[in-house]
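Sequences listed follow chains Z and B, in order.
For the first sequence, our numbering gives the first residue as 1, with consecutive numbering after it.
For the second sequence, our numbering gives the first residue as 1001, with consecutive numbering after it.
Every residue gets a Cβ at the ideal spot worked out from N, C-alpha and C, and that includes glycine.
Keep in mind it's a predicted model, so treat the numbers as computed, not measured.
To keep things clear, I will list the structure first and then write my remarks on it.
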Amino acid sequence: MVPINYYIILSAILFTIGALGVLIRRNALIIFMSIELMLNAANLAIVAFSSILQSFSGQIFVFFVIAVAAAEVAVGLALIVEIFKSKRSIDVDQMSSLKG
Amino acid sequence: MTLELISFLVLAVVAIATAIGMLVSRNAIYSALFLVLNFITVAVFYLLLGAPFIAMAQVTVYAGAIMVLFLFVIMLLGAESSVGEFNWRKAIFPGLLAFILAVEVALLLITRARPAGEVVSPDAAINTVTNLRDLGETLFNQYLLPFEVTSILLLVAMVGAIVLIRKEKRVP
């Protein structure tokens, strides 16, 4: 028997590590991976709540989130490849063409 | 300490350690492999929570498809070098912000959502076929429209990725 609060705290920690990754890394691919980590943490919280409520709706919502994440990764990686082709770098600090 | 609690704690340590490993490793390939391990750990959490279908979807879609795509792009771009490498001094202020965020998220989720009780033992949930059957029936009756919308979303994402990657033909 695991108290559900443990799952929630774990989910919060994983989400925070993902947010930290977006803040402190400059590699666009690692920022992208951190976003996936945050999605995963949210999914974990949803499944924990759905397990407590004995309801399938949460699991189905997580299924949709996984599908949307797959779509997001396909488009996002295509964008990163395009950016690399034009700038020869995926350092997000270099992407400042719009800066005056 | 039941067996379930012990396995939860061990897996929680593994999940947090792999997430931090993803964050601090200089080589992007190591980051991706740490993230694969993290996804698989989360899949085991789903099994502990009595959601075997989501666990398998997690392994195939996240740890399988998405991370292979990531590794493919990393190797295609040759981006495994330490672009924007991790620096402890730059991480202090974001770390403080992130700590505040973690405390806030946990407090709000626990106090506002009022989750009561403990996660039931998953044996009964996993070992019956009715779990998966009920899940499928709910998915294809109550949530049929979102399911179809998801298929269109995946199609649009595929078309978008192809359009983005395609070489442009210069019009003279």
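### Message
Please identify, using Cβ separations under 8 Å, the residues of the region 2-26 of chain Z that lie next to chain B, in order along the chain.
### Response
2, 3, 4, 5, 6, 7, 8, 9, 10, 11, 12, 13, 14, 15, 16, 17, 18, 19, 20, 21, 23, 24, 25 and 26
### Query
What residue does the alpha helix (DSSP H) around residue 1149 of chain B start on, and which one ends it?
If you number the second sequence from 1, residue 1149 of chain B lands on position 149. Looking at the DSSP string, the run of the alpha helix (DSSP H) that includes residue 1149 of chain B is 1144-1165.
### Query
Going by beta carbon distance, what residues of the same chain come within less than 6 Å of residue 1098 of chain B, once the five residues before and after it are set aside?
As a position in the second sequence, residue 1098 of chain B is number 98, starting the count at 1. Within the same chain, residue 1098 of chain B has no close Cβ partners at all.
### Message
For a quick check, are the C-beta atoms of residue 1165 of chain B and residue 78 of chain Z less than 7 Å apart?
### Response
Taking the first residue of the second sequence as 1, we reach residue 1165 of chain B at position 165. Taking the first residue of the first sequence as 1, we reach residue 78 of chain Z at position 78. Yes. Within cutoff.
### Task
Using only the heavy atoms of the ligand NAP, determine whether one of them is closer than 6 Å to the beta carbon of residue 2 of chain Z.
Because no ligand of any kind appears in the structure shown, any question about the ligand NAP cannot be addressed here.
### Query
Hey, how far is the Cα of residue 40 of chain Z from the Cα of residue 1039 of chain B?
The residue you call residue 40 of chain Z lines up with position 40 of the first sequence. The residue you call residue 1039 of chain B lines up with position 39 of the second sequence. Looking at the two C-alpha atoms, the distance is approximately 8 Å.
### Task
Could you tell me how far apart the beta carbons of residue 1077 of chain B and residue 90 of chain Z are, in whole angstroms, since I believe they sit closer than 8 Å?
For the purposes of this step, residue 1077 of chain B is taken as the residue at position 77 of the second sequence. For the purposes of this step, residue 90 of chain Z is taken as the residue at position 90 of the first sequence. Contact holds; Cβ gap of about 7 Å.
### Query
What are the boundary residues of the alpha helix (DSSP H) that residue 43 of chain Z is part of?
On the first sequence, residue 43 of chain Z is found 43 positions in, with the first residue counted as 1. Where residue 43 of chain Z is concerned, the enclosing alpha helix (DSSP H) stretches over 28-53.
### Query
Going along chain Z in order, which residues have a C-beta closer than 7 Å to the C-beta of residue 1111 of chain B?
Taking the second sequence and counting its residues from 1, the one referred to as residue 1111 of chain B is at position 111. The premise fails here: residue 1111 of chain B is roughly 10 Å from chain Z at the closest Cβ pair, so nothing lies under 7 Å.
### Task
Kindly indicate if chain Z contains any beta-carbon less than 7 Å away from that of residue 1094 of chain B.
Here residue 1094 of chain B corresponds to residue number 94 of the second sequence, with the count starting at 1. Interface residue, yes.
### Task
Using the Cα positions of residue 1033 of chain B and residue 97 of chain Z, report the straight-line distance between them to the nearest angstrom.
Taking the second sequence and counting its residues from 1, the one referred to as residue 1033 of chain B is at position 33. Taking the first sequence and counting its residues from 1, the one referred to as residue 97 of chain Z is at position 97. So the alpha carbons of these two residues sit roughly 32 Å apart.
### Task
Measure from the alpha carbon of residue 58 of chain Z to the alpha carbon of each residue in B:1149, B:1018 and B:1139, then state which is nearest.
The count along the first sequence starts at 1 and reaches residue 58 of chain Z at position 58. For residue 58 of chain Z, the nearest C-alpha among the options comes from B:1139.
#### Entry: Per-residue burial, residue 36 of chain Z [other beta carbons within 10 Å of its own, 16 or more giving buried]
Within the first sequence, residue 36 of chain Z is the residue found at index 36, counting from 1. Residue 36 of chain Z is buried by the Cβ-count criterion.
### Query
Comparing alpha-carbon positions, which option in Z:11, Z:20 and Z:9 lies nearest residue 1088 of chain B?
Mapped onto the second sequence, residue 1088 of chain B falls at position 88. If we check each option's Cα against that of residue 1088 of chain B, Z:20 comes out closest.
### Query
Residues of chain Z with a CB under 9 Å from the CB of residue 1030 of chain B: which are they?
The residue you call residue 1030 of chain B lines up with position 30 of the second sequence. Within chain Z, no residue comes near residue 1030 of chain B; the closest Cβ sits about 10 Å away, beyond 9 Å.
### Query
Hey, is residue 1008 of chain B's beta-carbon within less than 7 Å of any beta-carbon in chain Z?
One-based indexing of the second sequence puts residue 1008 of chain B at position 8. Interface residue, yes.
### Query
Apart from the five residues just before and just after residue 83 of chain Z, which ones in its own chain have a Cβ nearer than 8 Å to its Cβ?
Counted from its first residue, the first sequence places residue 83 of chain Z at position 83. Correct list, in chain order: 28, 90 and 95.
### Query
For the alpha helix (DSSP H) that residue 6 of chain Z lies in, which residues bound it at each end?
Here residue 6 of chain Z refers to the residue found at position 6 when the first sequence is read from its first residue. Start and end: 4-24.
### Task
Return no unless some Cβ of chain B is closer than 7 Å to the Cβ of residue 74 of chain Z.
Sequence index remark: in the first sequence, residue 74 of chain Z carries index 74 (1-based). So yes, residue 74 of chain Z belongs to the interface.
### Message
Distance check for residue 1041 of chain B and residue 1023 of chain B, CA to CA, integer angstroms please.
### Response
Along the second sequence, one-based indexing puts residue 1023 of chain B at 23. Along the second sequence, one-based indexing puts residue 1041 of chain B at 41. C-alpha separation (whole angstroms): 17 Å.
### Message
Taking the straight line between their C-alpha atoms, what separation do you get for residue 1004 of chain B and residue 1144 of chain B?
### Response
Indexing the second sequence from 1 puts residue 1004 of chain B at position 4. Indexing the second sequence from 1 puts residue 1144 of chain B at position 144. Each residue's alpha carbon lies about 35 Å from the other.
### Message
In whole angstroms, give me the CA-to-CA distance for residue 1160 of chain B and residue 1131 of chain B.
### Response
Stepping through the second sequence from its first residue, residue 1160 of chain B is reached at position 160. Stepping through the second sequence from its first residue, residue 1131 of chain B is reached at position 131. If I take the Cα positions, the gap works out to 36 Å.
### Task
For residue 1025 of chain B, collect the residues of the same chain with a Cβ closer than 6 Å to its Cβ; drop the 5 residues on either side in sequence, then sort them by chain order.
Counted from its first residue, the second sequence places residue 1025 of chain B at position 25. For residue 1025 of chain B, where only same-chain residues beyond five positions count, the Cβ hits under 6 Å are 1031.
### Task
At 8 Å on the CB atoms, spell out the chain B contacts of residue 45 of chain Z, in chain order.
Translated into the one-based positions of the first sequence, residue 45 of chain Z becomes position 45. Those are 1109, listed as they occur along chain B.
### Burial state of residue 1012 of chain B, where buried means 16 or more other Cβ atoms lie within 10 Å
One-based indexing of the second sequence puts residue 1012 of chain B at position 12. It is buried - the Cβ of residue 1012 of chain B has at least 16 other Cβ atoms within 10 Å.
### Query
Among Z:2, Z:99 and Z:61, which residue has its Cα nearest to the Cα of residue 42 of chain Z?
By 1-based counting over the first sequence, the position of residue 42 of chain Z is 42. Measuring from the Cα of residue 42 of chain Z, the nearest candidate turns out to be Z:61.
### Query
What are the partner residues of residue 91 of chain Z, as DSSP defines its beta bridges?
As a position in the first sequence, residue 91 of chain Z is number 91, starting the count at 1. Beta-bridge pairing links residue 91 of chain Z to Z:27.
### Supposed contact pair residue 34 of chain Z and residue 22 of chain Z - C-beta distance, whole angstroms, cut 8 Å
Here the question's residue 22 of chain Z lines up with position 22 in the first sequence. Here the question's residue 34 of chain Z lines up with position 34 in the first sequence. Correct: roughly 5 Å between the Cβ atoms.
### Query
When DSSP labels each residue in this structure, what does residue 57 of chain Z get in the three-state scheme?
Here the question's residue 57 of chain Z lines up with position 57 in the first sequence. Three-state result, residue 57 of chain Z: helix.
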